[in-house]
Each structure stands twice: as structure tokens, then as C-alpha cells.
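Numbering-wise, the sequence shown is residues 280 to 565 according to this note's numbering. Cβ coordinates follow ideal geometry from the N, Cα and C atoms, glycine included. Okay, so here's the structure we're looking at.
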Amino acid sequence: MMHFSRTLALVMVLGISLTSCINFADDKGQPVAKAFDKYLYPSDLEGLVPKNTHGNDSAAIVKAFIDQWQHEQVILHQAENNVNIDEKAIEEKLEVYRKSLIRFEYEQELIRQKLDTAVNDQEIQKYYSDNKDNFQLKKPILKVSYIKLPENAPKVAMVKKLFASKDMRDIDLLEKYCFKYSPNFSLLDTAWHYKDELKKILPIDEIPEHRYDNLNRIFEISDNNALYLIILRDSKFRDSLSPLAFEKENIRNLILNQRKLALISQMETEVFKEAQKNNELEIYEN
């Protein structure tokens with residue numbers, strides 16, 4: 280393998296920018312790497328390095344590309360010499376893949392140009408009402424308020440009193456306290472969360488599932504030299520109907536997917552009818 284510094288120097292001497300390499304018309308130039316009977320040329324590096332990337336960073340990107348190319352060539356060479364290759368079958372598979380790729384690109388462009396992506400609340404509500412059997416929870420979800428405090432935090436009794444209060448003046452006082460003493464807190468979060476999501480920030484496993492209906496009471500948990508005050512504001516158990524607010528974005532995506540499928544189906548019908556109308560299709564009798 281040609282030493283990489285020489286490779287990079289060669290590219291520079293030839294005046295080839297790694298972000299916009301010269302295309303070789305008749306002669307690809309001197310190769311920068313070899314693997315068996317395959318060669319890698321400067322033109323193969325075109326567009327490889329992002330703009331404004333220079334020096335060691337640029338060299339590292341090119342070296343990684345060359346290393347990966349040589350690894351792929353070694354594996355391909357090994358495969359070609361150890362497997363009986365049915366060239367016709369491979370060509371047929373490539374043709375199937377090519378047709379699928381062309382169709383996919385056309386469908387994506389059709390969707391980009393013509394798909395109506397506006398989904399209003401009435402549509403979401405109707406989809407939810409019509410498909411409630413599809414929105415049964417597999418796991419419990421919770422609405423949670425919490426305060427994390429160091430073990431030596433002052434006035435914890437006052438904090439718990441304020442935390443249990445529904446008076447906005449008490450909430451304001453508590454928020455000021457939390458900004459001063461709490462490394463992590465959430466007092467007014469109205470979003471639903473899966474338990475696994477909450478486990479990343481809270482010792483929620485200390486609250487058993489059968490107590491999830493103990494709402495608006497303070498669970499006091501000591502864990503890893505910290506004191507957690509947790510209030511379950513609302514809960515939904517597994518196998519119950521998932522709330523619309525929790526499913527809203529999911530439903531929006533489902534509606535958009537239905538529209539995509541309908542748009543593609545409409546396109547297929549229209550272009551087929553157009554081909555029939557223009558006598559582009561024939562069936563020959565044997």
C-alpha cells in the first residue's frame with residue numbers, strides 16, 4: 280500500500296481539492312491505493328472531505344476511507360474465490376433492486392411534492408375514537424412532579440408542605456427554593472412518561488406498580504446520598520386506554536402514512552389507466 284502521506288501529497292500536487300476533485304477524462308491518473316487487481320484513484324475521493332476541513336482532520340478522513348476500501352476489497356476477493364457465483368442470479372437480483380430503488384425514489388419525490396402534511400385536531404380525535412382498540416397500553420404511564428435534594432438540604436418539612444399545596448403562591452416559593460438547592464426538579468410537568476423513561480432520572484422503582492393510584496401524595500425516597508420527593512399526578516395502568524394526549528404524535532404519523540399509501544395507490548391507478556388510454560400496453564395471444 281502506498282504510504283498515506285505520499286497519497287495526500289500526490290493529491291495536493293495534482294491540484295485536487297478533497298472537496299472538489301478533478302475528473303479524469305481519459306486517464307484517471309496515478310492511483311492512491313491498490314488491493315489485488317483493483318485500484319483507488321484521486322477521483323474516487325471526490326466530495327469525501329467536508330469543506331473547511333484541513334490538516335490532520337482531512338488526512339484522517341482520507342486514510343479511514345482508504346482503509347475501509349481495502350478491507351472491503353479483501354473480503355470481496357475472499358468471497359469471489361471461495362463461492363461458486365451464479366452471475367445470472369446476481370444480475371437478476373441487481374435488476375430487481377435497481378427497479379425497486381427507481382420506484383422508491385419516484386414515490387418519495389411524489390410524496391415530497393403532493394402530500395398534504397397538515398393534520399388538524401379533529402382528524403386526530405376522530406382517528407383516536409375510531410381505533411381505540413389499537414391504543415391499549417402495554418406498560419403503565421405516569422405524570423410526575425419531583426424534587427431532588429441533597430441529604431443536608433435545609434427546611435425539608437417546609438418543602439414538603441409547599442410541594443403538597445395547590446396554591447400558586449406556594450408553588451412560586453417552592454420554585455425559588457428549588458433553584459437554590461435542587462440539582463433537578465419538575466413541579467408542573469403535564470406530560471405522560473413511561474416508567475423506563477423516568478428511571479433515568481428518578482428511583483421510580485421504589486414505588487411499586489400497585490401504588491400508582493396513590494395520587495397527589497408525596498413519596499419520599501433516599502437514594503445515592505440524595506433525597507427525592509415524588510408526587511404521582513396521574514397514572515394509567517397497563518391494558519387501559521392510552522390517553523389521546525399521549526398518542527397524538529403517533530396518530531398524526533399514522534394519518535400521514537395512510538395519506539402516503541393512498542397517494543401512491545392513486546398514482547399507480549392513474550399512470551396505468553393513462554398507459555392503457557395511449558395504447559402502450561398489449562397482451563399477445565400465443
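By the C-beta criterion, the stretch 407-423 is judged to be in contact with the stretch 515-526, since at least 3 inter-stretch pairs fall below 8 Å. Scanning the stretch 424-510 from its first residue to its last, the whole beta strand (DSSP E) runs of 3-plus residues come out as 463-465, 497-502. A buried status is given to S461, since no fewer than 16 other beta-carbon atoms sit within 10 Å of its beta-carbon. Under the DSSP assignment, A358 falls in the alpha helix (DSSP H) whose first and last residues are 334-359.
Looking at the DSSP output, S514 shares a beta bridge with L421. Only residues of its own chain outside the window of five on either side were considered, and among them A312 have a CB closer than 6 Å to the CB of I345, listed in chain order.
Boundaries of the beta strand (DSSP E) harbouring A314: 312-314, taken from the DSSP string. When the five nearest sequence neighbours on each side are left out, the beta carbons in the same chain lying within less than 8 Å of the beta carbon of K418 are those of Y473, K474, D475, R517, in order along the chain. Closest by C-alpha distance to D492, out of L428, E485, I530, R512, is R512. Secondary structure of K330 (DSSP, three-state): coil.
Annotation for K317: the continuous beta strand (DSSP E) segment containing it runs 317-319.
Secondary structure of L535 (DSSP, three-state): helix.
With respect to F464, I510 sits apart: the two C-beta atoms are not nearer than 9 Å.
As the crow flies, the alpha-carbon of E485 is around 12 Å from that of L477.
Excluding its 5 nearest sequence neighbours in each direction, L533 has C-beta neighbours in its own chain below 8 Å: Y406, listed in chain order. Taking 9 Å as the cut-off, the beta carbon of I390 is found closer than this to the beta carbon of I543. Looking only at Y507, D451, L394, E374, the smallest Cα-Cα distance to M546 is reached by L394. Between the C-alpha atoms of V423 and K330 there is a straight-line separation of about 46 Å.
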